[in-house]
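With positions in the sequence shown counted from 1, the corresponding number in the numbering used here is that position plus 3.
To keep things clear, I will list the structure first and then write my remarks on it.
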Amino acid sequence: MTRLAVVCGGSRGIGRAVSHLLAAKGCRLAVVSRNQDTAQATVASLNGADHMAFSCDVSKEHGVQMTFETIQKTCGNISYLVNAAGINRDGLLLRTKPEDMVALLHNNLLGTMLTCKAALRSMLLAQDAAIVNIGSVVGLKGNVGQSVYSASKAGLEGFTRSLAKEVASRNIRVNLLAPGFIHTDMTAGLREEEMVRAATPLGRFGKPEEVAQAVLFLLESSYITGQVLVVDGGLQLAM
Ligand code: NAP
């Protein structure tokens with residue numbers, strides 16, 4: 004049976020690598036991002052046919068609802084949902100504008116809640132489904148200049164653990180993957196790159212493909228739910 008996988012934030016970075024790996028494993032992909040052209044470009048680069056691109060801002064309830072209804076109508080029941088859509092707005096709290104706080108919480112935390120809610124009915128019908136939310140080690144350990152980003156990702160931990168309990172009886176597994184520093188658009192031009200390398204026992208940033216392998220592991224693990232998997236090269240964040 005071909006499994007339908009929805010990857011939010013699938014147009015670039017970690018989500019794009021996840022889309023590639025899942026397509027290579029025989030899944031049918033629904034790639035979601037705000038920009039239709041980049042989502043379409045990902046779809047065009049995937050193994051196999053029948054994949055689809057959807058333009059949707061995950062922080063907007065109405066659009067999320069409509070998009071997931073369209074996905075179910077055109078592609079069928081959802082087996083896998085990967086929430087890799089996210090933004091960062093780094094800066095010390097004293098300099099962080101309220102609108103940036105709202106944007107971080109809406110895109111990173113509310114967005115994942117909305118897509119999970121919108122996907123659940125379809126996943127209940129699949130009776131064997133899995134969700135992987137992408138958090139961050141920063142949400143587990145904290146980091147200077149990332150207090151609000153960290154809060155948005157820490158919120159995902161409680162959300163993931165609770166939702167896992169709500170839907171376990173229907174054989175839907177929900178886990179959180181917490182990456183360290185990964186080479187993507189989000190970390191391009193990071194001024195602290197050398198510091199991060201020095202704090203990482205493996206001595207380098209991770210690759211999106213390395214995160215994708217761990218996402219696949221969680222999606223396929225039939226007896227793991229409500230857990231957090233850290234993929235960070237052993238990163239030690241300073242006090
Ligand atoms: P990225 O390269 O900037 O890609 C972000 C993806 O999310 C893009 O596809 C983007 O497409 C989409 N997106 C952003 N906001 C969206 C929204 N409101 N609605 C729909 N799509 C949206 O980032 P990345 O590094 O791959 O990060 C992926 C996830 O991993 C994020 O949640 C990030 O916080 C997390 N993470 C990343 C790192 C890292 O070091 N890179 C470390 C820990 C955690 P559009 O712009 O077209 O919408």
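Heads up, the beta-carbon is just placed ideally off N, CA and C, and yes, glycines get one too.
Here's the rule I'm using: 16 or more other beta-carbon atoms within 10 Å means buried, otherwise exposed. How should K168 be labelled?
For the purposes of this step, residue 168 is taken as the residue at position 165 of the sequence shown. It counts as exposed.
Would you tell me roughly how many angstroms separate the C-alpha atoms of M126 and R31, rounded to the nearest one?
Against the sequence shown, residue 126 aligns to sequence position 123. Against the sequence shown, residue 31 aligns to sequence position 28. Their Cα atoms are separated by approximately 15 Å.
Beta carbon of S150: closer than 7 Å to some heavy atom of the ligand NAP?
The residue labelled residue 150 in the question sits at position 147 within the sequence shown. Checking the Cβ of S150 against the ligand NAP gives no.
Cα-Cα separation between F162 and K76, rounded to whole angstroms:
The residue labelled residue 162 in the question sits at position 159 within the sequence shown. The residue labelled residue 76 in the question sits at position 73 within the sequence shown. Going from the Cα of F162 to the Cα of K76 covers about 27 Å.
Taking 7 Å as the cut-off, does the CB of P101 come closer than this to any heavy atom belonging to the ligand NAP?
The residue given as residue 101 occupies position 98 in the sequence shown. Not so, every heavy atom of the ligand NAP lies at least 7 Å from the Cβ.
Check whether the Cβ atoms of I74 and A132 lie closer than 8 Å to each other.
Residue 74 sits at position 71 when you count from the first residue of the sequence shown. Residue 132 sits at position 129 when you count from the first residue of the sequence shown. No, the Cβ-Cβ distance between I74 and A132 is not below 8 Å.
Between the alpha carbons of S14 and Q43, how many angstroms are there, rounded?
Residue 14 sits at position 11 when you count from the first residue of the sequence shown. Residue 43 sits at position 40 when you count from the first residue of the sequence shown. When rounded, the distance between both Cα atoms is 8 Å.
In this structure, does DSSP put R194 in helix, strand or coil?
If you number the sequence shown from 1, residue 194 lands on position 191. Coil, per DSSP.
Using only CA atoms, which one of F71, S172, A191 lies nearest to Y226?
On the sequence shown, residue 226 is found 223 positions in, with the first residue counted as 1. Measuring from the Cα of Y226, the nearest candidate turns out to be S172.
Output the distance between the C-alpha atoms of I17 and D235, rounded to the nearest integer angstrom.
The residue labelled residue 17 in the question sits at position 14 within the sequence shown. The residue labelled residue 235 in the question sits at position 232 within the sequence shown. If I take the Cα positions, the gap works out to 13 Å.
Three Cβ pairs or more, each shorter than 8 Å: is that satisfied between the region 145 to 164 and the region 94 to 109?
yes
Nearest-angstrom beta carbon gap, N91 and N136 [assumed within contact, 8 Å]
For the purposes of this step, residue 136 is identified with residue 133 of the sequence shown, where counting begins at 1. For the purposes of this step, residue 91 is identified with residue 88 of the sequence shown, where counting begins at 1. Not a contact, Cβ separation roughly 16 Å.
Which of helix, strand or coil DSSP assigns to S36:
For the purposes of this step, residue 36 is identified with residue 33 of the sequence shown, where counting begins at 1. Here S36 sits in strand by DSSP.
How many whole angstroms separate the CB atoms of V35 and T70, which I take to be in contact at a CB cut-off of 8 Å?
As a working mapping, residue 35 is identified with position 32 in the sequence shown. As a working mapping, residue 70 is identified with position 67 in the sequence shown. Going by Cβ atoms, the distance from V35 to T70 rounds to 7 Å, so yes, they are a contact pair.
Provide the residue(s) that pair with P182 in DSSP beta bridges, ordered along the chain.
Looking up residue 182 in the sequence shown gives position 179. V234, per the DSSP bridge assignment.
Cβ of R104 within 7 Å of any heavy atom in the ligand NAP?
Residue mapping note: residue 104 aligns to position 101 of the sequence shown, counting from 1. For the record, residue 104 in the displayed sequence is Met; it is not Arg. No.
Give, in chain order, every unbroken run of the beta strand (DSSP E) that is at least 3 residues long and sits entirely within the region 118 to 188.
132 to 137, 175 to 182
For the ligand NAP, is there any heavy atom lying closer than 7 Å to the beta carbon of V35?
Looking up residue 35 in the sequence shown gives position 32. Yes; taking the cut-off as 7 Å, the Cβ of V35 has a heavy atom of the ligand NAP nearer than that.
Complete runs of the beta strand (DSSP E) confined to the region 47 to 133 [at least 3 residues]
55 to 58, 83 to 86
If you draw a straight line from the alpha carbon of T118 to that of R6, how long is it in whole angstroms?
As a working note, residue 118 is residue 115 in the sequence shown. As a working note, residue 6 is residue 3 in the sequence shown. Looking at the two C-alpha atoms, the distance is approximately 18 Å.
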